[in-house]
Every structure is written in C-alpha cells, then in structure tokens.
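Engineer: So the protein sequences, as listed, match chains P and E. The opening position of the first sequence corresponds to residue 68 in the numbering used here, with each subsequent residue numbered one higher. The opening position of the second sequence corresponds to residue 855 in the numbering used here, with each subsequent residue numbered one higher. Here it is, the structure, as structure tokens.
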Amino acid sequence: MSSIAHAAAQRQAARGFRMPWQVFAFLPISALDLVLFVLPMLVMGVASVLVIREFHISLELTGRSYLFFLGSPLYLWILGKSVLLALGVTAACLVLAYPFAIFLTKLPRNAQRTMLVLVILPFWTSYLLRVYAWMTLLGESGLINRGLTSLGLLDEPLRFLLYNNFSVVLVSVYLYLPYAALALYTALERLDLSLVDAAKDLGARPWQVFWHVTLPLTLPGVFASFIFVFIPMVGEYVTPSLVGGARGLMIVNVVVSQVQALRFGIASAMAFVIVALILGLVLALSKAARLERVFGV
Amino acid sequence: MTKGRLTRRKFLQSSTMAGLGTAAALRGTSSLITPARAATLEGPVNALTWGGRVIQSQQDDFYKESGVHVNFIGASGNSENLAKIKLGGGSQYDIVGVDALWVPKFYEEGVIEAFDMASWPEYNDMFDQFKNLSIWKVGDKFLAQPWAWSPLVLWYNADKIKTPPTSIKFLWDPELKGRIALTRQQEDVIAWMGVATGAKKPYDMTKDELAAAKDALKRLMPNVLKFPPQEEELVKLAADGSIWVTALSAGGALRIKDAGGPTMKGFLPPEGYIGYFDGDCIVKGAAHKPAALAWMQHRVHAKYVMENFLKYRRPLAYRGPLEVLKREGKADYAHELFYDQPEIISKMVIIGPPPDIGAYVDAFNEVVGS
Chain P
68 MSSIAHAAAQ RQAARGFRMP WQVFAFLPIS ALDLVLFVLP MLVMGVASVL
118 VIREFHISLE LTGRSYLFFL GSPLYLWILG KSVLLALGVT AACLVLAYPF
168 AIFLTKLPRN AQRTMLVLVI LPFWTSYLLR VYAWMTLLGE SGLINRGLTS
218 LGLLDEPLRF LLYNNFSVVL VSVYLYLPYA ALALYTALER LDLSLVDAAK
268 DLGARPWQVF WHVTLPLTLP GVFASFIFVF IPMVGEYVTP SLVGGARGLM
318 IVNVVVSQVQ ALRFGIASAM AFVIVALILG LVLALSKAAR LERVFGV
Chain E
855 MTKGRLTRRK FLQSSTMAGL GTAAALRGTS SLITPARAAT LEGPVNALTW
905 GGRVIQSQQD DFYKESGVHV NFIGASGNSE NLAKIKLGGG SQYDIVGVDA
955 LWVPKFYEEG VIEAFDMASW PEYNDMFDQF KNLSIWKVGD KFLAQPWAWS
1005 PLVLWYNADK IKTPPTSIKF LWDPELKGRI ALTRQQEDVI AWMGVATGAK
1055 KPYDMTKDEL AAAKDALKRL MPNVLKFPPQ EEELVKLAAD GSIWVTALSA
1105 GGALRIKDAG GPTMKGFLPP EGYIGYFDGD CIVKGAAHKP AALAWMQHRV
1155 HAKYVMENFL KYRRPLAYRG PLEVLKREGK ADYAHELFYD QPEIISKMVI
1205 IGPPPDIGAY VDAFNEVVGS
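Rendered as structure tokens:
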C-alpha cells in the first residue's frame, strides 16, 4: 500500500466508521421492497407449509401443498407450457429488437432521439387499450379480416388470428418489444467501436464480428432484455385472458383458480415454485453467459 | 443580508403551516355546512359489491340527504369477496354483495351479521319468494337485502341458428365449432355440464356425476371459443359475431343488440338452467353500519329500483317497477325480462358454493389445461 493510501486509511480509522450517504438513498426503495415484496413472500412461504383448510389455519407443518402441485402432471404441464411460451416470446423479442437496436445506434443523434420517443410512445396509452386495439385488428370482424374480404381476397374471415396461442404470442411480443429494444440499445451505445474496427482490420467477416465481438460485449443488454421480458411473461394473466382461447390456461390462471377455490396453501406453494423456477433459470443463464466476465467483476 | 431571504427550511416550515391551516379551515367550513349530517351518520359507506348497483344520481341524492358518500368497490367473485372480507373486515368494508347460497357460507364464516329489514317501508314491496327465503334468515332478521335475480338464459344468434333449440344438447352440435363462450367461473361451467348430464344437484355432484360433467365439458371444448373472465366480454363477442351462443342473465339479448350485435333469442333448457339471486350483506363489525343501513333503505325506494331496472335490465326483488311498467303498457317488456315470473326462482339451479370447490376447479382445469 502506498504511503498516501495508508495515511488516508488511518484518517478514516481515526474518524470511526461512517455510513456512506448512498446507503440512505437506498432506504426508501428498500423499505418499499420489504413491505411490498419480502413480507408478502414470507407470508406466502409460511402459508405454503401450513395446513390450511379454507380460512382455518393450523400450526402444523406439511409439504402437502407442494406435493399436490409437483405431483400433478397436469399442473406441471401447464407450468412447462407457460415457461415455453414465455421463452418463445422472449426469443422473438430479442430477435426483433437486436437489429432494431443496432439500426438505432447507427442513426444521427437527433434521429436517435426521435426514434426512442417512438419506441416509448405505446407506453403513453394504457396496457389494456393496447391489447384491445389488437383485438379490433385481429377479430373476426376486425380490420384485417374486413380489409381482406372487402378486397375480395377472402370469402370467409380468418378465425385463427385471435383467441389462440398465436395471438397471445403476437400481442405479447408487441407489448414487450420496447423493453427489449431499450435494454439492447443501451448496451450497444456503450460498445467500444474501436474493438469492432480492430476485428474488421484483422479480417473478420461481419457475422464473425457480430458473433465474437458485438454479441459477447452486449450480453448484459441481452440479459437485461431477457429479465424484462421473460419474468413478467411467465406471470402474464391479462393478455392470455383477453386474446387467448378456451385452452389458453397459463400457470397464473391456475394459481388464481386455486385462490378462488379457497386453497390458499396450494396457491402459495405454486407461486413459490414459479418464483424458484424463474430465479433458477435466471441464475443458470447468468452462469452460462459468464456475465461476471462481461461485467468485469 | 440573509434577512428577508427565503431559505429552503423556512419555505418548508411556512408551507407546512399554511397547509395545516388550510386543512383546519376546510374542516371547519365543512362542519359549518353540514353540522346535522355529521352528527347523525358517519361515512363513507364502503360497498364491495357487484356492478349492477351503481346509479350515480342515487349516490348524489343520498349524499345530499345524509352527507355520506358511498364508495363502490367492484366485486369479482364470491370466494374472492369472502377472502377480502376475511382479511379487511368491518374496518375496510361496510357492505358486501353476495350470491344466493353463498350468503349462509359468509354467515358461517362469521363475516356478516343479520339485520332487521321487516320494519323498512319498502319491505312490503318485496316479492314473497324473498320475504320467505329461509336460507337468508336468522329468526326474524335477514342476512342479506335481496336485490337482483335472473335465470342464466342460453342466448343464441337467431340469424345463424335457424332451428330453435329444444334441448341443452344443442350446445354439442358440431355446427357450433368455436361459437360458444361462457364466463370463466369454473364451478358454474361444471354445474352447467352437470345440468346437461342429469346431475341431481349440479353444485353438489357425486364423484360419478362430476366425472360425467367433466367428460361433457371435454366433448364441448371444440365448440368453446373462450372462457372470458367478465360478462361484458361475452356481450362484445356475441355482438361482433365471434360467438353464436352464450349464457347471460335476462336482458342479455338487449345488451348485445345495444352493442351493435345481431338479434339473439333466449332459451331455457327443459333439462334445467342455472340462475342467481343476490343481495347485499352488512359486514360484521362494519365501521359505518348506521350509514350502511341508511343507504340500503335508500336504494330500495321505488324510484331508484325502477332506474336500476331500466339501466341493468334484469328483474329485481321488488314489485314497484313491475306495476309501473304494467301501467305504462310495457307488460310485454317486463315479461320478456322475467320480471312478472318470480316463480321461476324456485325452478332455477341456484348458484352456490360446492362443498368441495377444489374438485370443481380441478375438473375444469383438467379439461381446459390439457
């Protein structure tokens, strides 16, 4: 240690321990997090391991709620289906958002700002309105069907456009695409272009530049996009309810149905398993992408 | 030179004092405006209840008379209401809207209390079916103030279905592929299937009856477009022609027509049909019980009952509007909406909580989720 650093450390020790001011900045959000997330999770955790019959709780520990869920092939299938659907939507968002984000970074500054405003423009209207707008587009008597039939291209309206998994994916991709695009844009903005130029100078082809330089260096953006899209998508309730079909049962619908059946223990266990699964997937992805190397920690 | 300069601390201090002063002044003013009201009734009345209650002009009139606001909190289901009342109790809610057979369940759970209604002026206007409703009574007191009732009618698009149905079995007609929608109330969907398969008590089926109902739902699935969570969406789907058959209360055809939809005709299957009657209950330990009871008396004045009927178009538990409609030569309209046929109530399969709701929910999920 240099003498200057040593002296500074001595001065700090002489003054005693002082809480950095940044800690206070975190207090309000931490308090909110504690009240609105940690405490409810604790309550759910306790509820999931107690014997609960409707509203009557006995302080007897049990794993029955977890066994009920994990022992039910049907509910596991619905969980798997929901995760796959969420992964599909996330993948579609990434594939669509990445080229768009690259395109954004290539634009002049003023044009970038305009485009960014356009990206966030849908957020100015309500989420529900945006879903209903899609329903008026895709419905049997919606704009697409009316347009095609009036042009004489169809005799009968297309019925596969709405109320099935296709419409759930389509509308969800539309809803979550801006989140993915913004996260990727931020990562691409920070990219050191001299590294890209160096790769090109060394004879790398464009796809090699992308695969070996751009993509690895923007992995934090990809990871952020994944989190922004995948996590809320697994818990999506409204979109599948509105644009999904009769068989569009997602895992959250199942949790809600358990609450309606006054099976609070099972609903809590299901919610906990979903949280654990999401956390596990996020951690696994973070490990697989070796993000700590990208972040430099 | 700091004298006269407004520092941040001074600014905050003075604005806080000004705010407190204004609040105190406003309190004083409001008590000057309505001293008598404040002394008699304390509000607001918080009502967790169904949508078909809200008549803004009535709320305004009640406020003018009593100085009490009525806050409506939309209810989404009986079991959810029960959970909310269990958690929130009388400190958060004064009134809760409950369906027919759920009322005794709420009482058993200790979340509502009986009240005297026989002395209210509008009591005599009530149909006898409701006055004598033993499951809603504890001694001479009532557990709920009866409000609306209706059979759930199977409404069908008369332009698309030319031959009027004669049996509930028409729902399984392959011609109706993807043309039916029912609300996502799992136990009601399963109960409908129970009606179709001849279950004795569709809301309390045996294991074999439940299995038959599940099988019927499985066979029905190709014809079901979706199970939307709200009734309003059924109206929309029928109006835009996406579905041809749905189950809605009396007046369903009118609501669909109003939404720009086709002519719908109603059908009450001879095998049986589900129906409901609902009421509002006083939450046990309600913080504003006197105001809540005053509101409940106010809402059944003939004028408002009529207004409610014309707005929501399903029969109510009070005769008043029926007599007015007859006098105005609208007896046919009242008949179309079953208002003059309260005897139907005894023929309906009344919506209620199955003893094992979980079994009904699992049966529904097993078919719909597979």
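Note that CB positions come from ideal geometry on N, CA and C, so glycine has one too. As the structure is a prediction and not an experimental result, all values here were calculated from the model.
How would you list, in chain order, the residues of chain P whose beta-carbon sits under 8 Å from the beta-carbon of K1080 of chain E?
Structural biologist: Stepping through the second sequence from its first residue, residue 1080 of chain E is reached at position 226. By Cβ distance, chain P contributes Y230, G311, G312, A313, G315.
Engineer: Go ahead and pull the three-state DSSP assignment for T1100 of chain E.
Structural biologist: Position 246 of the second sequence holds residue 1100 of chain E. Reduced to three states, the DSSP call for T1100 of chain E is strand.
Engineer: Near L886 of chain E, which residues of its chain fall below 6 Å by C-beta distance, leaving aside the five closest residues on each side in sequence?
Structural biologist: If you number the second sequence from 1, residue 886 of chain E lands on position 32. Low confidence applies here, because L886 of chain E scores a pLDDT of 29, under 50, leaving its location unreliable; read the following figure in that light. For L886 of chain E, where only same-chain residues beyond five positions count, there are no Cβ hits under 6 Å.
Engineer: Could you tell me the alpha carbon to alpha carbon distance between N1219 of chain E and H1155 of chain E, rounded to whole angstroms?
Structural biologist: To locate residue 1219 of chain E, count along the second sequence from 1; it is residue 365. To locate residue 1155 of chain E, count along the second sequence from 1; it is residue 301. Going from the Cα of N1219 of chain E to the Cα of H1155 of chain E covers about 44 Å.
Engineer: W956 of chain E to Y1127 of chain E, Cα distance in whole Å?
Structural biologist: Within the second sequence, residue 956 of chain E is the residue found at index 102, counting from 1. Within the second sequence, residue 1127 of chain E is the residue found at index 273, counting from 1. Cα to Cα, the separation comes out at about 18 Å.
Engineer: Taking 7 Å as the limit between beta carbons, can you name the residues of its chain near R1038 of chain E, skipping five residues before and five after?
Structural biologist: Looking up residue 1038 of chain E in the second sequence gives position 184. Only F1081, P1082, P1083 meet the Cβ criterion.
Engineer: Taking the straight line between their C-alpha atoms, what separation do you get for L185 of chain P and S132 of chain P?
Structural biologist: Here residue 185 of chain P corresponds to residue number 118 of the first sequence, with the count starting at 1. Here residue 132 of chain P corresponds to residue number 65 of the first sequence, with the count starting at 1. Taking the straight line from one Cα to the other gives about 47 Å.
Engineer: What does S1096 of chain E touch in chain P if you count any residue whose Cβ is under 9 Å from its own?
Structural biologist: For the purposes of this step, residue 1096 of chain E is taken as the residue at position 242 of the second sequence. Residues of chain P passing the Cβ test: G206, E207, S208, R226, L229, Y230.
Engineer: Under a Cβ-count criterion, where at least 16 other Cβ atoms within 10 Å of its own Cβ denotes burial, should P307 of chain P be classed as buried or exposed?
Structural biologist: Here residue 307 of chain P refers to the residue found at position 240 of the first sequence. The residue in question, P307 of chain P, is buried, as its Cβ has 16 or more Cβ neighbours within 10 Å.
Engineer: Taking Cβ positions only, does R330 of chain P come closer than 8 Å to chain E?
Structural biologist: By 1-based counting over the first sequence, the position of residue 330 of chain P is 263. Closer than 8 Å to some Cβ of chain E, the Cβ of R330 of chain P qualifies, so yes.
Engineer: Under 8 Å, Cβ to Cβ, is there at least one residue of chain E near V321 of chain P?
Structural biologist: By 1-based counting over the first sequence, the position of residue 321 of chain P is 254. Yes, V321 of chain P counts as interfacial toward chain E.
Engineer: For the region 1028–1041 of chain E, which residues have a CB atom closer than 7 Å to at least one CB atom of chain P, in sequence order?
Structural biologist: Per Cβ criterion, the list reads G1032, Q1040.
Engineer: Does any residue of chain E bring its CB to less than 8 Å from the CB of S308 of chain P?
Structural biologist: Numbered from its first residue, the first sequence carries residue 308 of chain P at position 241. Cβ-Cβ to chain E under 8 Å: yes for S308 of chain P.
Engineer: May I ask you to check if the CB of L1176 of chain E is nearer than 7 Å to at least one heavy atom of the ligand GDP?
Structural biologist: Absent from the structure shown: the ligand GDP. Ligands present: none.
Engineer: Pull up the CB-CB distance for E919 of chain E and Q327 of chain P, whole angstroms please, since I reckon it's below 8 Å.
Structural biologist: Residue mapping note: residue 919 of chain E aligns to position 65 of the second sequence, counting from 1. Residue mapping note: residue 327 of chain P aligns to position 260 of the first sequence, counting from 1. So it is not a contact: roughly 38 Å between Cβ atoms.
Engineer: Would F295 of chain P pass as a contact of M111 of chain P if the rule is Cβ separation under 8 Å?
Structural biologist: As a position in the first sequence, residue 295 of chain P is number 228, starting the count at 1. As a position in the first sequence, residue 111 of chain P is number 44, starting the count at 1. In this structure, M111 of chain P does not lie closer than 8 Å to F295 of chain P by Cβ.
Engineer: Compare the C-beta of F136 of chain P with all C-beta atoms of chain E and state if any pair is closer than 8 Å.
Structural biologist: On the first sequence, position 69 is the one that residue 136 of chain P refers to. So no, F136 of chain P is outside the interface.
Engineer: Under the rule that 16 or more other beta-carbon atoms within 10 Å means buried, what is A351 of chain P, buried or exposed?
Structural biologist: As a first step, residue 351 of chain P must be located in the first sequence, where it is residue number 284. Exposed, by the Cβ-count rule.
Engineer: Threshold first: 4 residues or longer. Then list the alpha helix (DSSP H) segments lying entirely within the region 150–218 of chain P, N to C.
Structural biologist: For the region 150–218 of chain P, whole alpha helix (DSSP H) runs of length 4 or above, ordered along the chain, are 176–187, 194–205, 210–217.
Engineer: With contact counted as at least three CB pairs below 8 Å, one residue from each stretch, are the region 124–138 of chain P and the region 208–216 of chain P in contact?
Structural biologist: Taking 8 Å as the limit for Cβ pairs, the verdict is that the region 208–216 of chain P does not touch the region 124–138 of chain P.
Engineer: Can you give me the Cβ contacts of G209 of chain P inside the same chain, cut-off strictly under 6 Å, excluding the 5 residues immediately before and after it?
Structural biologist: For the purposes of this step, residue 209 of chain P is taken as residue 142 along the first sequence, with counting starting at 1. Taken in chain order, the residues that qualify are T203.
Engineer: Excluding sequence positions up to five away, which residues of its chain have a Cβ less than 7 Å from the Cβ of F233 of chain P?
Structural biologist: One-based indexing of the first sequence puts residue 233 of chain P at position 166. Around F233 of chain P: F227.
Engineer: Tell me whether L174 of chain P is buried or exposed, calling it buried when 16 or more other Cβ atoms sit within 10 Å of its Cβ.
Structural biologist: The residue labelled residue 174 of chain P in the question sits at position 107 within the first sequence. Flag for L174 of chain P reads exposed.
Engineer: For M980 of chain E versus A1171 of chain E, is the C-beta distance shorter than 8 Å?
Structural biologist: Residue numbering aside, residue 980 of chain E sits at position 126 when the second sequence is read from its first letter. Residue numbering aside, residue 1171 of chain E sits at position 317 when the second sequence is read from its first letter. Going by C-beta atoms, M980 of chain E is nearer than 8 Å to A1171 of chain E.
Engineer: Shorter than 8 Å from the beta carbon of G1206 of chain E to some beta carbon of chain P?
Structural biologist: Taking the first residue of the second sequence as position 1, residue 1206 of chain E is located at position 352. No, its Cβ sits nowhere closer than 8 Å to a Cβ of chain P.
Engineer: So that I know if they touch, is there some Cβ in chain E lying closer than 8 Å to that of L220 of chain P?
Structural biologist: The residue labelled residue 220 of chain P in the question sits at position 153 within the first sequence. Not one chain E Cβ lies under 8 Å of L220 of chain P.
Engineer: Beta-carbon within less than 6 Å of A98 of chain P's beta-carbon, same chain only, minus the 5 sequence neighbours each way: which residues are those?
Structural biologist: By one-based count along the first sequence, residue 98 of chain P stands at place 31. The answer is none, since no qualifying residue turns up.
Engineer: Taking a cut of 8 Å between CB atoms, which residues from the region 946–972 of chain E lie near chain P?
Structural biologist: Residues passing the 8 Å Cβ filter: E963.
Engineer: Pick helix, strand or coil for K1119 of chain E, following the three-state DSSP scheme.
Structural biologist: For the purposes of this step, residue 1119 of chain E is taken as residue 265 along the second sequence, with counting starting at 1. In the structure shown, K1119 of chain E sits in a strand (DSSP, three-state: E or B).
Engineer: In chain P, which residues lie less than 9 Å from G1212 of chain E when you measure between Cβ atoms?
Structural biologist: For the purposes of this step, residue 1212 of chain E is identified with residue 358 of the second sequence, where counting begins at 1. Correct list: Q325, A328, L329, R330, I333.
Engineer: Relative to the alpha-carbon of V1203 of chain E, which residue among E:R1033, E:V1007, E:E1087 has its alpha-carbon at the smallest distance?
Structural biologist: Along the second sequence, read from residue 1 onward, the residue named residue 1203 of chain E stands at position 349. If we check each option's Cα against that of V1203 of chain E, E:V1007 comes out closest.
Engineer: Quick one, which residues of the region 125–150 of chain P are near chain E if we go by CB-CB under 9 Å, in chain order?
Structural biologist: Result list: S139, L141, Y142, W144, I145, K148.
Engineer: Count the other CB atoms within 10 Å of the CB of R1168 of chain E; is the residue buried (16 or more) or exposed (fewer)?
Structural biologist: The residue you call residue 1168 of chain E lines up with position 314 of the second sequence. It counts as buried.
Engineer: Are any of the Cβ atoms in chain P nearer than 8 Å to that of G931 of chain E?
Structural biologist: Position 77 of the second sequence, counting from 1, holds the residue named residue 931 of chain E. Answer yes: the Cβ-Cβ gap between G931 of chain E and chain P drops below 8 Å somewhere.
Engineer: Can you list the residues of chain P that P1083 of chain E reaches, using a CB-CB cut of under 7 Å?
Structural biologist: One-based indexing of the second sequence puts residue 1083 of chain E at position 229. Chain P residues near P1083 of chain E: S308.
Engineer: Please list the residues of the region 103–126 of chain P that have a C-beta atom closer than 7 Å to any C-beta atom in chain E, keeping them in chain order.
Structural biologist: Hits within the stretch, in order: F122.
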